[in-house]
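**Student:** Numbers given in our numbering equal positions in the sequence shown, counted from 1, plus 402. Think of the CB as a built atom: it goes at the ideal place given N, C-alpha and C, for glycine as much as any other residue. First the structure, then my questions, so here it is.
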Amino acid sequence: GFNCLEKTSMSLFEERTFIAHAGGELRFKIECDALTDDDLHAIASIIRKGLKFGEVHGVPRGGQRLANILEPYCTEGPLLIVDDVLTTGTSMEEARKQFADTHPDIKGVVIFARKNCPHWVRSIFQMSLWASYATWTTK
């Protein structure tokens with residue numbers, strides 16, 4: 403049965419080993435499913451006030467919720483690719499390549515970046531270099 407004292411909410415930061423999209427092993431996960439719709443609306447407000455965009459694409463799966471919230475704010479300008487967490491940049495680069503032939507101007511935004519972003523991507527929150535190194539597992 404359901405125990406009402408059980409923890410039912412998700413933590414944004416989970417201290418556990420997991421494999422990133424690009425295959426690296428990390429010591430903690432940034433679980434953006436824990437962000438509420440209100441959290442994402444606040445983040446979308448930051449993005450829309452700092453960047454005009456004509457279309458928005460969410461990197462599956464992490465960027466899709468944010469893209470849906472940003473959709474009503476499309477006006478003019480580049481294609482905006484969004485994701486929740488940038489670890490190596492592989493997912494963002496794959497998305498950029500997918501649209502490169504049809505969209506000459508592409509910008510990117512991520513909520514969290516574990517490392518420096520590619521020149522065309524901006525992050526809302528940037529992990530410091532020393533913290534980033536401390537979170538990769540060593541073999």
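Assign GLU495 to one of three DSSP states: helix, strand, or coil.
**Tutor:** Within the sequence shown, the letter at position 93 stands for residue 495. Three-state result, GLU495: helix.
**Student:** From THR490 to HIS443, what does the alpha carbon distance come to, in whole angstroms?
**Tutor:** Locating residue 490 in the sequence shown gives position 88, where the first residue counts as 1. Locating residue 443 in the sequence shown gives position 41, where the first residue counts as 1. The straight-line gap from Cα to Cα measures roughly 26 Å.
**Student:** Is DSSP giving PHE384 helix, strand or coil here?
**Tutor:** Absent from the model: residue 384. The displayed extent of the chain is 403 to 541, so no value can be given.
**Student:** Output the distance between the C-alpha atoms of ARG524 and HIS423, rounded to the nearest integer angstrom.
**Tutor:** As a first step, residue 524 must be located in the sequence shown, where it is residue number 122. As a first step, residue 423 must be located in the sequence shown, where it is residue number 21. For ARG524 and HIS423, the distance between alpha carbons rounds to 19 Å.
**Student:** Tell me the rounded alpha-carbon separation between LYS499 and LEU468.
**Tutor:** Working through the sequence shown from its first residue, we reach residue 499 at position 97. Working through the sequence shown from its first residue, we reach residue 468 at position 66. Those two C-alpha atoms are separated by around 20 Å.
**Student:** Using the rule of at least 16 other Cβ atoms within 10 Å of the residue's Cβ for burial, across every protein chain shown, is SER411 buried or exposed?
**Tutor:** Within the sequence shown, residue 411 is the residue found at index 9, counting from 1. SER411 comes out exposed.
**Student:** With ALA469 as the anchor, note down where its alpha helix (DSSP H) starts and where it stops.
**Tutor:** Sequence index remark: in the sequence shown, residue 469 carries index 67 (1-based). First-last of the alpha helix (DSSP H) with ALA469: 466-472.
**Student:** Quick check: the region 527-534 against the region 493-508, are there 3 or more CB pairs under 8 Å?
**Tutor:** The region 527-534 is not in contact with the region 493-508.
**Student:** How would you call HIS521, buried or exposed, if buried means at least 16 neighbouring beta carbons within 10 angstroms?
**Tutor:** Start at 1 with the first residue of the sequence shown, and residue 521 comes out as number 119. Exposed, because fewer than 16 other Cβ atoms sit within 10 Å of the Cβ of HIS521.
**Student:** With burial defined as no fewer than 16 other Cβ atoms inside 10 Å of the residue's Cβ, what is the status of LYS413: buried or exposed?
**Tutor:** As a working mapping, residue 413 is identified with position 11 in the sequence shown. It is Ser, not Lys, that sits at residue 413 in the sequence shown. Classification for SER413: exposed.
**Student:** In angstroms with no decimal places, state the Cα-to-Cα distance between PRO480 and ILE471.
**Tutor:** Taking the first residue of the sequence shown as 1, we reach residue 480 at position 78. Taking the first residue of the sequence shown as 1, we reach residue 471 at position 69. Going by the C-alpha atoms only, they are around 17 Å apart.
**Student:** How about THR548 and LYS454: do their beta carbons lie closer than 8 Å?
**Tutor:** Limits of the chain in this structure are 403 at one end and 541 at the other, which puts residue 548 out of reach.
**Student:** Among the residues of its own chain, which have a CB less than 7 Å from the CB of CYS434, if the five just before and after it don't count?
**Tutor:** If you number the sequence shown from 1, residue 434 lands on position 32. Cβ within range, chain order: GLY464, ASP486, VAL487, ILE513.
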